[in-house]
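Trainee: Take the sequence shown: its letters are residues -24 to -1, 1 to 390, numbered as in mature numbering (1 follows the signal peptide of the UniProt record, and there is no 0).
Backbone N, C-alpha and C define an ideal beta-carbon position, used for all residues, glycine too.
Being a predicted model, the structure only gives us computed values, none of them experimental.
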Amino acid sequence: MMYTKLQFFLLLLLSARKSALVDAVPLNEIERTAVTTAVLEDIKTKISEWGESLPSDGQKSDFYGGILRLAIRDFMDYDNSDSDNPGGSDGCLDIGDATNAHLLDNNWCDACKFRDMYTMYFSKIGVADFWVASASKVVELLSPGLNQCEPTIKWNRPDTSSATCSANYQNLNRMTDASGCTELENKQVNRMGLTWTDVVALMGHHTIGRNINSDTWCNDVAESLQFDKRYYEDIKDRGWTMKTINDNTWSRGAATHKRVMYNEDLCLYYDFTNTNADCCTNTFNQCIPSATTWTECSKVAVGNERRDAIDLFIAGTQEDHAEFHDAFASAFEIGTNLGHTDLYSVFDDNEAANCADKTSSFTWHGASRTCAYLREEDFTERCTRKRGRCPVTCAENDASKWPEKCSFEGIEPP
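This is how it looks when you write it as structure tokens:
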């Protein structure tokens, strides 16, 4: 693509320093714009154009997968017991940390394509919001055929400064490593408050992209550009063996295929530890080396939530990805909202034309209440004061004035 002189100058500045640590600009230091449906569509268009301009499937896989991993890993430090420093989606990710060792530093370095996109077009959006919005559009773009995974997102996440981010990584030890389901249970189920179905669904982000060694879970890199349920089918049905006992990494097929799973993937369906992992997950399906007489790995018991989630996701026809897509969309919304209490819904830029400035009564919890603002939603007038839902007038989109206009008489809207 052709750059303007200003854009080229910005790229020179960006390439002058390379850091593994995200250097987010705190929310109160720059003016933020609202995330509207038009902004989301613009993000989707730019991601598609920039991704499809890459010359190989491998580079496309790295680009799309890197975006998705940024958003997922960003909220994995959430701690529901720490009210002072809960973490969550805040633009804080240290690619250089050991727990992120398998991730490519290819999307948010100072000269990286995705960060260039942010700097050129979307720098008035918070970094965390941009990652979340972009990841939601990646899964939408890469959902196969007529199947669409469309997570509902919100915005207004404050970004964490690089200094605070660095301190959090050094002192809190919150990030999940690839060691297995004990780690997932301790950090994602118990500490973050996710269900096992949420955890299994979010692990589906491994469907897209490659690791730092350019390995994927599938034979063909092109398959790593499809946001579908085949990842779960391969967990259940393929013959995976551990490369080296205690290294958390499993492989299958010839070395040229570079097919990889981690303990955290396979423990969702199989019951093993690093020390007893000298087994194959399916002894009838290409266990490597083939000359070895393999013992089949034990499966997690039927009725276990994580196994049941995989069985649910892979049910139906080959083209039916709805159960996985629905579960991922739900878990992604939950995960990206963790730790935030003041998030706003994305609204349509033309939505203000349907608003009405008037005083009206409504019934709430059996009592008659009065509000000073109404909007039309699903052909029903409802009181609201949510930012992003309450412009000053029917044509006003000045975000700084919304809170003053959305006045209620000391009550919460229904």
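So, for K205: in the same chain, excluding its five sequence neighbours on each side, which residues have a beta-carbon less than 6 Å away from its beta-carbon?
Mentor: The residue labelled residue 205 in the question sits at position 229 within the sequence shown. Only F289, I290, H297 and F300 meet the Cβ criterion.
Trainee: Does DSSP classify W84 as helix, strand or coil?
Mentor: As a working note, residue 84 is residue 108 in the sequence shown. Coil.
Trainee: Could you check which residue in Q202, C85, E281 and K100 has the C-alpha nearest to that of V15?
Mentor: To locate residue 15, count along the sequence shown from 1; it is residue 39. For the residues Q202, C85, E281 and K100, the minimum Cα distance to V15 belongs to K100.
Trainee: Tell me whether N187 is buried or exposed, calling it buried when 16 or more other Cβ atoms sit within 10 Å of its Cβ.
Mentor: Counting from 1 along the sequence shown, the entry for residue 187 is found at position 211. Its Cβ being crowded by 16 or more others within 10 Å, N187 is buried.
Trainee: For D318, which residues in the same chain have their Cβ closer than 8 Å to its Cβ, ignoring the five residues on either side in sequence?
Mentor: What you label residue 318 is simply residue 342 of the sequence shown in a count that begins at 1. Only N132 meet the Cβ criterion.
Trainee: Just grab the DSSP bridge partners of C256 for me.
Mentor: Residue 256 sits at position 280 when you count from the first residue of the sequence shown. Answer is T217 and E272.
Trainee: If you drop the 5 nearest sequence neighbours on each side, which residues of the same chain put their C-beta closer than 6 Å to that of S24?
Mentor: Translated into the one-based positions of the sequence shown, residue 24 becomes position 48. Counting only Cβ-Cβ distances below 6 Å, and skipping sequence neighbours, we find L117.
Trainee: Evaluate G315 with the Cβ neighbour count: other Cβ atoms within 10 Å of its Cβ, from every protein chain shown; 16 or more gives buried, anything less gives exposed.
Mentor: Counted from its first residue, the sequence shown places residue 315 at position 339. That one is buried.
Trainee: Using 8 Å as the Cβ pair cut-off and three pairs as the minimum, do the segment 241 to 256 and the segment 133 to 145 touch?
Mentor: At 8 Å Cβ cutoff, the stretches do not touch.
Trainee: Going by DSSP, what residues sit across from V236 in a beta bridge?
Mentor: What you label residue 236 is simply residue 260 of the sequence shown in a count that begins at 1. DSSP, once it has assigned bridges, lists S227 as partnering V236.
Trainee: If we count the other Cβ atoms within 10 Å of its Cβ and call it buried at 16 or more, is S119 buried or exposed?
Mentor: Translated into positions along the sequence shown, residue 119 becomes position 143. With 16 or more other Cβ atoms within 10 Å, it is buried.
Trainee: If you drop the 5 nearest sequence neighbours on each side, which residues of the same chain put their C-beta closer than 6 Å to that of Q35?
Mentor: The residue given as residue 35 occupies position 59 in the sequence shown. Excluding sequence neighbours, Q35 sits near nothing in its chain.
Trainee: For the alpha helix (DSSP H) holding A47, just list the boundary residues, first then last.
Mentor: Walking along the sequence shown from the start, residue 47 turns up at place 71. Segment D33 to D50, the alpha helix (DSSP H) holding A47.
Trainee: Between which two residues does the alpha helix (DSSP H) harbouring V165 extend?
Mentor: The residue given as residue 165 occupies position 189 in the sequence shown. Per DSSP, V165 belongs to no alpha helix (DSSP H) and is neither H nor E.
Trainee: Between the alpha carbons of M151 and F51, how many angstroms are there, rounded?
Mentor: Numbered from its first residue, the sequence shown carries residue 151 at position 175. Numbered from its first residue, the sequence shown carries residue 51 at position 75. Their Cα atoms are separated by approximately 9 Å.
Trainee: Express the C-alpha separation of A104 and D70 in angstroms, rounding to a whole number.
Mentor: For this step, residue 70 is matched to residue 94 along the sequence shown. For this step, residue 104 is matched to residue 128 along the sequence shown. Answer to the nearest angstrom: the Cα atoms are 14 Å apart.
Trainee: Taking 8 Å as the cut-off, does the segment 52 to 60 touch the segment 161 to 172 (at least 3 CB pairs, one atom from each stretch)?
Mentor: Result yes; three or more Cβ-Cβ pairs closer than 8 Å.
Trainee: Grab me the residues of D153's own chain with a C-beta within less than 7 Å of its C-beta, minus the 5 sequence neighbours each way, in chain order.
Mentor: Along the sequence shown, one-based indexing puts residue 153 at 177. Hits under 7 Å: T75 and E159.
Trainee: Taking the alpha helix (DSSP H) that S107 falls in, what are its first and last residues?
Mentor: For the purposes of this step, residue 107 is taken as residue 131 along the sequence shown, with counting starting at 1. One detail in the question is off: residue 107 reads as Trp in this sequence, not Ser. Element bounds for W107: V103 to L118.
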